[in-house]
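Visitor:
In our numbering, the protein residues as written are 46 to 306.
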(Lines of atoms letter the chains of each structure in order from A and count residues from 1; the text may use other names and numbers.)
(Lines give C-alpha, C1' and ligand atoms only; values in the text may rest on other atoms or scores of the structure.)
Protein backbone atom coordinates (compact mmCIF):
# COMPACT_ATOMS: atom_id res chain seq x y z
CA UNK A 1 0.00 0.00 0.00
CA UNK A 2 1.20 3.52 -0.71
CA UNK A 3 0.16 7.01 0.37
CA UNK A 4 -1.97 7.41 -2.76
CA UNK A 5 -4.10 4.42 -1.73
CA UNK A 6 -4.82 6.01 1.64
CA UNK A 7 -5.66 9.33 -0.02
CA UNK A 8 -8.16 7.60 -2.32
CA UNK A 9 -9.79 5.92 0.67
CA UNK A 10 -10.05 9.21 2.56
CA UNK A 11 -11.47 11.06 -0.45
CA UNK A 12 -14.20 8.42 -0.70
CA UNK A 13 -14.79 8.37 3.05
CA UNK A 14 -14.90 12.16 3.40
CA UNK A 15 -15.44 13.62 -0.10
CA UNK A 16 -13.71 16.93 -0.69
CA UNK A 17 -16.94 18.24 -2.23
CA UNK A 18 -18.30 18.38 1.33
CA UNK A 19 -15.56 20.77 2.48
CA UNK A 20 -16.34 24.43 3.04
CA UNK A 21 -15.12 26.78 0.32
CA UNK A 22 -12.65 28.50 2.67
CA UNK A 23 -11.06 25.25 3.82
CA UNK A 24 -7.74 23.65 2.89
CA UNK A 25 -8.40 19.92 2.84
CA UNK A 26 -6.84 16.80 1.40
CA UNK A 27 -3.25 15.71 0.78
CA UNK A 28 -1.04 18.54 2.03
CA UNK A 29 2.48 17.16 2.62
CA UNK A 30 4.51 14.30 1.21
CA UNK A 31 4.94 11.99 -1.75
CA UNK A 32 1.96 9.92 -2.91
CA UNK A 33 4.09 7.11 -4.33
CA UNK A 34 5.79 6.42 -0.99
CA UNK A 35 5.04 3.10 0.71
CA UNK A 36 2.67 3.48 3.65
CA UNK A 37 2.22 0.87 6.36
CA UNK A 38 2.03 2.93 9.58
CA UNK A 39 -0.60 5.66 10.06
CA UNK A 40 -1.36 7.88 13.04
CA UNK A 41 -4.57 9.88 13.39
CA UNK A 42 -4.83 13.04 15.46
CA UNK A 43 -6.85 16.21 15.75
CA UNK A 44 -4.08 18.75 15.16
CA UNK A 45 -0.45 18.90 14.08
CA UNK A 46 1.46 20.04 17.18
CA UNK A 47 5.01 19.54 18.47
CA UNK A 48 3.68 16.65 20.55
CA UNK A 49 1.89 14.84 17.74
CA UNK A 50 4.78 15.28 15.30
CA UNK A 51 7.25 13.98 17.89
CA UNK A 52 5.02 10.96 18.53
CA UNK A 53 4.75 10.25 14.80
CA UNK A 54 8.52 10.44 14.40
CA UNK A 55 9.24 8.28 17.46
CA UNK A 56 6.72 5.63 16.38
CA UNK A 57 7.91 5.73 12.77
CA UNK A 58 4.65 6.77 11.15
CA UNK A 59 4.63 6.94 7.37
CA UNK A 60 1.55 9.15 7.35
CA UNK A 61 -0.54 11.32 9.65
CA UNK A 62 -4.23 11.93 9.13
CA UNK A 63 -4.88 15.11 11.11
CA UNK A 64 -8.31 16.68 11.20
CA UNK A 65 -7.14 20.31 11.21
CA UNK A 66 -5.19 21.45 8.14
CA UNK A 67 -1.59 22.56 8.24
CA UNK A 68 -0.98 24.85 6.52
CA UNK A 69 -4.44 26.34 6.81
CA UNK A 70 -3.69 29.53 4.89
CA UNK A 71 -1.17 30.14 2.13
CA UNK A 72 2.41 30.37 3.40
CA UNK A 73 4.79 33.16 2.48
CA UNK A 74 7.75 31.38 4.06
CA UNK A 75 8.67 27.91 5.28
CA UNK A 76 11.38 28.41 7.88
CA UNK A 77 12.27 27.23 11.37
CA UNK A 78 11.40 30.70 12.72
CA UNK A 79 7.66 29.95 12.91
CA UNK A 80 5.78 27.13 14.62
CA UNK A 81 4.07 26.08 11.39
CA UNK A 82 7.38 26.17 9.55
CA UNK A 83 9.14 24.03 12.15
CA UNK A 84 6.37 21.44 12.17
CA UNK A 85 6.13 21.18 8.39
CA UNK A 86 9.92 20.99 8.05
CA UNK A 87 9.94 18.15 10.57
CA UNK A 88 7.32 16.22 8.60
CA UNK A 89 9.26 16.71 5.38
CA UNK A 90 12.60 15.83 7.00
CA UNK A 91 11.16 12.59 8.39
CA UNK A 92 9.28 11.77 5.19
CA UNK A 93 5.88 11.72 6.90
CA UNK A 94 2.91 12.37 4.63
CA UNK A 95 -0.03 14.47 5.84
CA UNK A 96 -3.71 14.29 4.91
CA UNK A 97 -6.25 16.67 6.51
CA UNK A 98 -9.98 16.12 5.87
CA UNK A 99 -11.32 18.87 8.20
CA UNK A 100 -14.80 20.11 7.21
CA UNK A 101 -15.29 17.25 4.77
CA UNK A 102 -14.91 14.90 7.76
CA UNK A 103 -17.31 17.05 9.80
CA UNK A 104 -20.03 16.57 7.19
CA UNK A 105 -19.27 13.08 5.84
CA UNK A 106 -21.89 10.31 6.01
CA UNK A 107 -19.77 8.59 8.67
CA UNK A 108 -18.09 11.79 9.83
CA UNK A 109 -17.72 13.57 13.13
CA UNK A 110 -21.25 14.89 13.56
CA UNK A 111 -22.74 11.54 12.56
CA UNK A 112 -20.48 9.70 15.01
CA UNK A 113 -21.47 12.04 17.84
CA UNK A 114 -25.16 11.61 17.07
CA UNK A 115 -24.85 7.83 17.04
CA UNK A 116 -22.67 7.82 20.15
CA UNK A 117 -25.32 9.75 22.06
CA UNK A 118 -27.96 7.23 21.03
CA UNK A 119 -30.00 9.49 18.74
CA UNK A 120 -32.40 8.08 16.18
CA UNK A 121 -33.77 9.44 12.89
CA UNK A 122 -30.44 11.18 12.34
CA UNK A 123 -30.20 13.59 9.42
CA UNK A 124 -28.12 16.63 8.41
CA UNK A 125 -29.33 20.20 8.89
CA UNK A 126 -28.45 20.77 5.23
CA UNK A 127 -28.20 17.51 3.25
CA UNK A 128 -25.70 17.04 0.43
CA UNK A 129 -27.44 15.38 -2.51
CA UNK A 130 -24.12 14.86 -4.30
CA UNK A 131 -22.11 13.05 -1.62
CA UNK A 132 -24.50 12.04 1.13
CA UNK A 133 -24.00 13.50 4.58
CA UNK A 134 -24.21 17.26 4.89
CA UNK A 135 -23.98 20.15 7.34
CA UNK A 136 -24.39 19.30 11.03
CA UNK A 137 -26.75 16.65 12.35
CA UNK A 138 -30.02 16.41 14.23
CA UNK A 139 -31.82 13.46 15.74
CA UNK A 140 -34.23 12.42 18.44
CA UNK A 141 -34.10 10.30 21.57
CA UNK A 142 -36.51 7.40 21.72
CA UNK A 143 -37.51 8.58 25.19
CA UNK A 144 -37.54 12.10 26.59
CA UNK A 145 -34.49 13.23 28.55
CA UNK A 146 -33.90 16.17 30.83
CA UNK A 147 -31.19 18.63 29.93
CA UNK A 148 -29.36 17.42 33.04
CA UNK A 149 -29.40 13.79 31.87
CA UNK A 150 -28.29 14.91 28.40
CA UNK A 151 -25.31 16.69 29.94
CA UNK A 152 -24.38 13.45 31.70
CA UNK A 153 -24.57 11.58 28.38
CA UNK A 154 -22.21 14.07 26.75
CA UNK A 155 -19.76 13.91 29.65
CA UNK A 156 -19.81 10.11 29.63
CA UNK A 157 -19.41 9.75 25.86
CA UNK A 158 -16.46 12.14 25.67
CA UNK A 159 -14.95 11.33 29.07
CA UNK A 160 -15.26 14.95 30.21
CA UNK A 161 -15.08 16.19 33.81
CA UNK A 162 -17.49 19.03 32.99
CA UNK A 163 -19.40 20.77 30.20
CA UNK A 164 -20.60 24.35 29.93
CA UNK A 165 -24.25 24.87 29.10
CA UNK A 166 -27.10 27.34 28.75
CA UNK A 167 -30.61 26.36 29.83
CA UNK A 168 -32.75 24.87 32.56
CA UNK A 169 -31.32 21.54 33.83
CA UNK A 170 -34.87 20.22 34.17
CA UNK A 171 -35.96 21.16 30.64
CA UNK A 172 -37.25 18.35 28.41
CA UNK A 173 -34.87 17.21 25.68
CA UNK A 174 -36.09 15.05 22.82
CA UNK A 175 -34.62 16.59 19.66
CA UNK A 176 -30.91 17.41 19.50
CA UNK A 177 -28.89 19.45 17.00
CA UNK A 178 -25.13 18.91 16.63
CA UNK A 179 -22.30 20.91 15.10
CA UNK A 180 -18.75 19.90 16.03
CA UNK A 181 -15.92 22.37 16.50
CA UNK A 182 -16.70 26.08 16.59
CA UNK A 183 -20.18 25.90 15.07
CA UNK A 184 -22.16 28.57 16.87
CA UNK A 185 -23.53 29.73 13.54
CA UNK A 186 -25.43 26.42 13.32
CA UNK A 187 -27.66 27.54 16.19
CA UNK A 188 -29.91 29.00 13.50
CA UNK A 189 -30.50 25.50 12.11
CA UNK A 190 -31.23 24.04 15.54
CA UNK A 191 -33.83 26.77 16.05
CA UNK A 192 -35.29 26.34 12.57
CA UNK A 193 -35.80 22.61 13.10
CA UNK A 194 -37.20 23.00 16.63
CA UNK A 195 -34.38 21.26 18.46
CA UNK A 196 -34.56 21.30 22.25
CA UNK A 197 -30.79 21.58 22.61
CA UNK A 198 -27.81 22.35 20.39
CA UNK A 199 -24.46 20.66 21.03
CA UNK A 200 -21.25 22.24 19.76
CA UNK A 201 -17.61 22.50 20.72
CA UNK A 202 -17.30 26.20 21.39
CA UNK A 203 -18.99 29.47 20.54
CA UNK A 204 -18.97 33.13 21.46
CA UNK A 205 -20.71 34.95 24.31
CA UNK A 206 -23.41 36.48 22.13
CA UNK A 207 -24.46 33.11 20.72
CA UNK A 208 -24.91 31.93 24.32
CA UNK A 209 -27.11 34.95 24.98
CA UNK A 210 -29.13 34.25 21.84
CA UNK A 211 -29.72 30.65 22.91
CA UNK A 212 -30.88 31.81 26.33
CA UNK A 213 -33.23 34.39 24.81
CA UNK A 214 -34.67 31.82 22.37
CA UNK A 215 -35.22 29.23 25.09
CA UNK A 216 -33.06 26.52 23.50
CA UNK A 217 -30.48 24.55 25.44
CA UNK A 218 -26.86 25.05 24.38
CA UNK A 219 -24.07 22.67 25.38
CA UNK A 220 -20.35 23.28 24.81
CA UNK A 221 -18.44 19.99 24.75
CA UNK A 222 -15.09 21.72 23.95
CA UNK A 223 -13.61 21.89 20.49
CA UNK A 224 -11.01 19.28 21.38
CA UNK A 225 -13.18 16.56 22.92
CA UNK A 226 -15.91 16.38 20.29
CA UNK A 227 -13.50 16.14 17.36
CA UNK A 228 -10.82 13.99 19.03
CA UNK A 229 -13.57 11.45 19.74
CA UNK A 230 -14.07 10.91 16.01
CA UNK A 231 -10.36 11.08 15.15
CA UNK A 232 -9.79 8.17 17.54
CA UNK A 233 -12.54 6.21 15.81
CA UNK A 234 -11.10 7.03 12.41
CA UNK A 235 -8.07 4.94 13.38
CA UNK A 236 -10.40 1.98 13.97
CA UNK A 237 -12.08 2.52 10.60
CA UNK A 238 -8.75 2.63 8.75
CA UNK A 239 -7.55 -0.48 10.58
CA UNK A 240 -10.72 -2.39 9.72
CA UNK A 241 -11.19 -1.26 6.13
CA UNK A 242 -7.68 -0.88 4.69
CA UNK A 243 -5.67 -4.05 4.19
CA UNK A 244 -1.89 -4.09 4.06
CA UNK A 245 -1.27 -1.75 6.98
CA UNK A 246 1.17 -2.77 9.69
CA UNK A 247 -0.19 -0.43 12.36
CA UNK A 248 -2.81 2.31 12.70
CA UNK A 249 -3.23 4.23 15.93
CA UNK A 250 -4.79 7.36 17.35
CA UNK A 251 -2.33 9.76 18.95
CA UNK A 252 -1.74 8.97 22.60
CA UNK A 253 0.20 12.16 23.35
CA UNK A 254 -2.37 14.68 22.10
CA UNK A 255 -4.18 16.41 24.96
CA UNK A 256 -6.67 19.23 25.49
CA UNK A 257 -4.61 22.46 25.45
CA UNK A 258 -6.90 24.25 27.92
CA UNK A 259 -6.50 23.46 31.62
CA UNK A 260 -8.80 24.28 34.55
CA UNK A 261 -7.47 26.06 37.63
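Positions of the beta carbon are idealized from the N, C-alpha and C atoms, including for glycine. No experiment lies behind these values; they were computed from the predicted model shown.
1) In the DSSP assignment, what are the bridge partners of residue 210?
2) Is the distance from the Cβ of residue 70 to the Cβ of residue 146 below 8 Å?
3) Starting from residue 237, trace the alpha helix (DSSP H) both ways and give me its first and last residue.
4) Can the beta-carbon of residue 210 be found less than 8 Å from the beta-carbon of residue 232?
5) Looking at residue 76: is its Cβ nearer than 8 Å to the Cβ of residue 139?
6) Could you compute how far the alpha carbon of residue 194 sits from the alpha carbon of residue 89?
7) My guess is that residue 186 and residue 163 are in contact by the Cβ rule of under 8 Å, so how many angstroms apart are they, rounded?
8) In chain order, which continuous runs of the beta strand (DSSP E) of length 3 or greater are located wholly inside the stretch 128 to 215?
9) In whole angstroms, what is the alpha-carbon distance linking residue 48 and residue 235?
10) At what residues does the alpha helix (DSSP H) containing residue 100 begin and finish?
11) Measuring CB atoms only, is the stretch 289 to 297 touching the stretch 52 to 64, in the sense that at least three cross pairs come out at less than 8 Å?
12) Grab the span of the alpha helix (DSSP H) containing residue 55 for me, first residue to last.
13) Quick one: any contact between the stretch 98 to 105 and the stretch 127 to 142, if contact means 3 or more CB pairs under 8 Å?
14) So within the stretch 265 to 306, which uninterrupted beta strand (DSSP E) runs reach at least 3 residues, ignoring any that extend past its ends?
15) Suppose you measure from the CA of residue 279 to the CA of residue 86; what does that come to, to the nearest Å?
16) Taking one C-beta from the stretch 151 to 170 and one from the stretch 115 to 128 each time, how about it: are there three or more such pairs within less than 8 Å?
17) Report the rounded CA-to-CA distance for residue 189 versus residue 171, giving the unit in angstroms.
18) Using DSSP's beta-bridge definition, name the partner residues of residue 240.
19) Once you ignore the five residues that flank residue 266 on each side, which residues in its own chain have a CB closer than 8 Å to its CB?
20) From residue 218 to residue 161, what distance separates their C-alpha atoms?
21) Let me know if residue 108 comes out buried or exposed under the rule of 16 or more other beta-carbons within 10 Å of its beta-carbon.
22) Figure out for me which residue from 143, 169 and 112 has the closest Cα to the Cα of residue 91.
Guide: In short, the structure shows the following:
1) 264
2) Yes. Within cutoff.
3) 232 to 237
4) no
5) yes
6) Going by the C-alpha atoms only, they are around 31 Å apart.
7) That pair is a contact at about 7 Å.
8) 139 to 142, 165 to 168, 182 to 191 and 209 to 211
9) 39 Å
10) 92 to 100
11) Result no; under three Cβ-Cβ pairs closer than 8 Å.
12) Here the alpha helix (DSSP H) through residue 55 covers 48 to 58.
13) yes
14) Secondary structure within the stretch 265 to 306: the beta strand (DSSP E) runs of 3 or more consecutive residues, fully enclosed, are 292 to 295 (chain order).
15) Using only the alpha carbons, I get a separation of about 7 Å.
16) By the criterion of at least three beta-carbon pairs nearer than 8 Å, the stretch 151 to 170 is not in contact with the stretch 115 to 128.
17) 25 Å
18) Per DSSP, residue 240 has no beta bridge partner at all.
19) 199, 203, 205, 208, 244, 245 and 246
20) 16 Å
21) buried
22) 112
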